[in-house]
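Student: Counted from 1, the sequence shown has number 445 at position 145 by this note's numbering; the numbering is strictly sequential.
Here a beta-carbon is modelled for each residue, glycine too, at the ideal position from N, C-alpha and C.
Here it is, the structure, as structure tokens.
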Amino acid sequence: MWSKQQSLVEPPAVSPSPAPASAPVPFNQPASGSGKLGASPSRGGARLGASIQIKGEVTGTEDLQIDGIVEGPIRLKGHELTVGSNAQLNSEIHAGNVIAYGKILGNVHARGRVDIKKDGSITGDISSARISIEDGAYFKGRIEIDPTKANQPAAD
301 MWSKQQSLVE
311 PPAVSPSPAP
321 ASAPVPFNQP
331 ASGSGKLGAS
341 PSRGGARLGA
351 SIQIKGEVTG
361 TEDLQIDGIV
371 EGPIRLKGHE
381 LTVGSNAQLN
391 SEIHAGNVIA
401 YGKILGNVHA
411 RGRVDIKKDG
421 SITGDISSAR
431 ISIEDGAYFK
441 GRIEIDPTKA
451 NQPAAD
């Protein structure tokens, strides 16, 4: 049995439990944050789309993905450059890591690693601490591997 007083009592408001706080995953990072060696899940990045064409110097202090055309030097102060599958770069590149899915014409200087993926190509000299070239990739030039580069400060 119930009385009027009990019917006026409202049930406690159910508040939705807050979602666990998590940092947004950058565009070029796997959702788990563990897909790349040395990659921090909190690193952000920038992207130059497929319709972008740049003639001149590109500099920055963040990761960069290029899907368009660039003619001129690229300096990323030790950060990662990803060259998209349709990208065409006629550039001298200084970066922390370089991943080539597209075409690079010019010398590549990386503190860490240079990866040339299946359909990627580099025509020019490569200087880095580590390198990988997948089956089907194209490379023409010289390679200088210096493992001590990975320990040097980001002066690029």
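#1: Who are His394's beta bridge partners in DSSP?
#2: Apply the 10 Å Cβ neighbour rule to Glu357 and answer buried if 16 or more other Cβ atoms are within range, or exposed otherwise.
#3: Between Pro447, Ala346, Ile354, Asp419, which lies nearest to Ala410 when the distance is taken from Cα to Cα?
#4: Could you spell out the range, first to last residue, of the beta strand (DSSP E) harbouring Gly345?
#5: So, is Gln353 buried or exposed, given that buried needs 16 or more other C-beta atoms within 10 angstroms?
#6: Can you give me the C-alpha to C-alpha distance between Ala429 and Val383, rounded to a whole angstrom?
#7: Run the CB neighbour count on Lys355, radius 10 Å, all protein chains shown included, and call it buried at 16 or more, exposed below.
#8: To which residues of the same chain is Gly402 closer than 7 Å at the C-beta, ignoring the five residues directly before and after it?
Tutor: On the basis of the supplied data:
#1: DSSP lists Arg375, His409 as partners of His394.
#2: A residue is called buried when at least 16 other Cβ atoms come within 10 angstroms of its Cβ; Glu357 does not meet this threshold and is exposed.
#3: Pro447
#4: If you look at Gly345, you'll find it in the beta strand (DSSP E) that goes 345 to 348.
#5: exposed
#6: 19 Å
#7: Counting of Cβ neighbours within 10 angstroms places Lys355 among the exposed residues, the total staying below 16.
#8: Val383, Gly384, Ser385, Asn386, Ala387, Gln388, Gly420
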